[in-house]
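In the working numbering, the protein residues as written are 83 to 723. The beta carbon of each residue, even a glycine, is placed where N, CA and C say it ideally should be. Working notes, structure below.
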């Protein structure tokens, strides 16, 4: 018997029976509503999942002209064909040998309890079960590919008509429910989904559930104060999931942070001009639960995508609570020609090598091929519907080189009109368990689903990333304290930062180093890192902590320098005493929290693998310090979250 535990109950109402892959035409679907438990499939000998993909048919292409296509007419024709829904989710299986080994172990235990031994007949039955389950998984793969294609073409359809169609009929509602399995069955929400709000520019702060809510509220309140000091004029919307998750008291705290007088308890120590009245911020709240159907598991991936989809803004900067902007003009991000042409701007994570699995999990490469080759836009889709096949300018680190982390979600920029279809796709990926060997679709937030949605949407020439990877902000380690024999500059920090690829200014930092200030041994270790010692004679040692006093004693995250490491695909082993890695985790630095040291030289000096070091001007250092000191202020006087 197949283990169907965890199958989405909502999907069971929409399930359809695929009789055979070779019979799948048009949508590749049958209208049967039977459950997978009733599915009877003959186990063909020598069935191969990967080879079966060759028979996958693109939906809605049957008997269509290939010359002089009318995208609008073809999209409307597609909508008329999109009537029934695909199979529900089933188990995964790829490696016959491993599957048989595990199945034999389980069977041996069962037979042993009965006083029996495994024989050739048992092995033959296991092979039969493997082939049968393989065919079912192949159907699951086709379900994923069809879902992506159907949603992609549906998005094209609604973008080519002057007004979205009404979804009053039972059949239309069923199709929408299939396309958006998370969507609440409500006519108003259907219309709001397709007639998205577009009220200028704004900031969206998204509160996820991956860390303690009280900590995130604390961070958001501090972030709002920083935006006030920076003179932010963009309206702010704060998205979250569930009134039970965030109490009214906590929402009131954020409103106070945006509107209350903050001058009354500032001091000269805050390095903030006390004579300036810091403007109140326009702030609204968005509870995404109102759009989610009953029984749907609300994951962080879903929260993020829906927050952007249903936000009030046409152009928006999305911030996570951990983010601290270092620029006074976030609106300049909307002026980039690349952003305006592609509709999104993402930022890269630190170039860590530990995000490449070793060993790769079963099914990793098979699912990678499924996504890259079969779910991507194919030539016929491009011809009939005008889709683009994006160039993998940045994303090949994941799609080709096997890394699992690329995107830093601390900040992202979207044009809703151009990125909406990609956001639709990102919102449905967590409903496809077939992706698990390659992409994490658990309750935890996986930012890789954001760029993957944009890449599979076929609406951009390439997924636009900032050209730099995340950097390290702070103060360079004195040469006396750097690794012996190394030519590399070193900068250690719990936080990371982003340098603009357009003008090389500092865009933002994260708050992790500031939060570590409460750990006494961490503060001592940071100061020690910047304190040098000299032997002055007969074993007598003299310490010089002047650098620490001038910098981190003023603020634990004092930013004088930023070190921009380079990405590498593997450790660059050398005998010259140079770092093997661009970023190294330091586990013995006095804190259980993350602490990372970055280097501008990696591998042999002769190879020329060198990053960049930015040394900031005094006026910028003072400006950064003002923002960081403002962040350190409690959300309101006497408040201890």
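Close-in-space but distant-in-sequence residues of the same chain around residue i (CB under 8 Å, 5 per side omitted)
i           : result
residue 301 : 403, 404, 593
residue 393 : 279, 284, 286, 319, 321, 368, 498
residue 570 : 564, 660, 661, 681, 682, 683, 684
residue 655 : 662, 685
residue 281 : 394, 395, 396
Nearest neighbour of residue i, chosen from the options [CA to CA]
i           : options            : result
residue 408 : 653, 224, 588      : 588
residue 549 : 489, 567, 603      : 489
residue 526 : 635, 379, 547      : 379
residue 323 : 540, 255, 384      : 384
residue 297 : 315, 613, 336      : 336
residue 492 : 266, 514, 431      : 431
residue 646 : 396, 469, 574      : 574
residue 237 : 653, 621, 504      : 504
residue 678 : 685, 631, 667      : 667
residue 486 : 501, 531, 465      : 531
residue 543 : 606, 473, 658, 578 : 473
residue 362 : 318, 390, 256      : 318
residue 552 : 438, 481, 434, 517 : 434
residue 397 : 697, 252, 418, 303 : 418
residue 599 : 640, 585, 563      : 640
residue 410 : 311, 375, 697      : 311
residue 483 : 501, 436, 515      : 436
residue 134 : 603, 612, 452      : 452
residue 223 : 517, 629, 602, 502 : 517
residue 695 : 305, 709, 586      : 586
residue 375 : 314, 293, 259, 429 : 259
residue 604 : 582, 590, 635      : 635
residue 372 : 275, 642, 609      : 275
residue 332 : 313, 315, 314, 303 : 303
residue 562 : 502, 590, 610      : 610
residue 704 : 690, 715, 714, 633 : 633
residue 289 : 717, 415, 412, 370 : 370
residue 231 : 462, 579, 702      : 462
residue 265 : 429, 596, 387      : 387
residue 652 : 691, 714, 268      : 691
Element boundaries [alpha helix (DSSP H), containing residue i]
i           : result
residue 702 : 700–714
residue 665 : Here residue 665 belongs to no alpha helix (DSSP H); instead the beta strand (DSSP E) covers 665–667.
residue 450 : 446–451
residue 330 : 330–341
residue 257 : 252–261
residue 462 : 461–467
Cutoff 7 Å; reference residue i; Cβ partners in own chain excluding five residues on either side
i           : result
residue 233 : 261, 506, 507, 510
residue 528 : 383, 521, 522
residue 566 : 659
residue 630 : 609, 612, 613
Buried or exposed by the 16-neighbour rule on C-beta atoms within 10 Å, applied to residue i
i           : result
residue 228 : buried
residue 519 : buried
residue 557 : buried
residue 476 : buried
residue 330 : exposed
residue 225 : buried
residue 572 : buried
residue 360 : buried
residue 620 : exposed
residue 732 : Outside the shown range of the chain, which is 83 to 723, sits residue 732, and nothing can be said about it.
residue 270 : exposed
residue 442 : exposed
residue 334 : exposed
residue 535 : buried
residue 425 : buried
residue 554 : buried
Close beta carbons around residue i, own chain, < 6 Å, minus the five adjacent residues each side
i           : result
residue 624 : 616, 618
residue 459 : 469, 471, 540
residue 560 : 614
residue 427 : 421, 495, 546
residue 241 : none
Below-9 Å beta-carbon distance, residue i vs any chain D residue
i           : result
residue 328 : In the structure shown, chain D does not exist; there is a single protein chain.
Closer than 8 Å: residue i CB and nearest the ligand NAP heavy atom
i           : result
residue 190 : This structure simply doesn't include the ligand NAP, nor any ligand for that matter.
Range covered by the beta strand (DSSP E) that runs through residue i
i           : result
residue 196 : Segment: none, residue 196 is in no beta strand (DSSP E) and carries neither H nor E.
residue 622 : 622–626
residue 645 : 643–646
Please go through the stretch 276–322 and give each complete beta strand (DSSP E) segment of 3 or more residues, from N-terminal end onward. 283–288, 318–322
Hey, which unbroken runs of the alpha helix (DSSP H) at 4 residues or more fall wholly within the stretch 549–614? 594–597, 602–611
Please give the ranges of any beta strand (DSSP E) in the stretch 469–556, keeping only runs that are unbroken, at least 3 residues long and fully inside the region. 489–497, 554–556
So within the stretch 382–437, which uninterrupted beta strand (DSSP E) runs reach at least 3 residues, ignoring any that extend past its ends? 397–401, 405–407, 426–430
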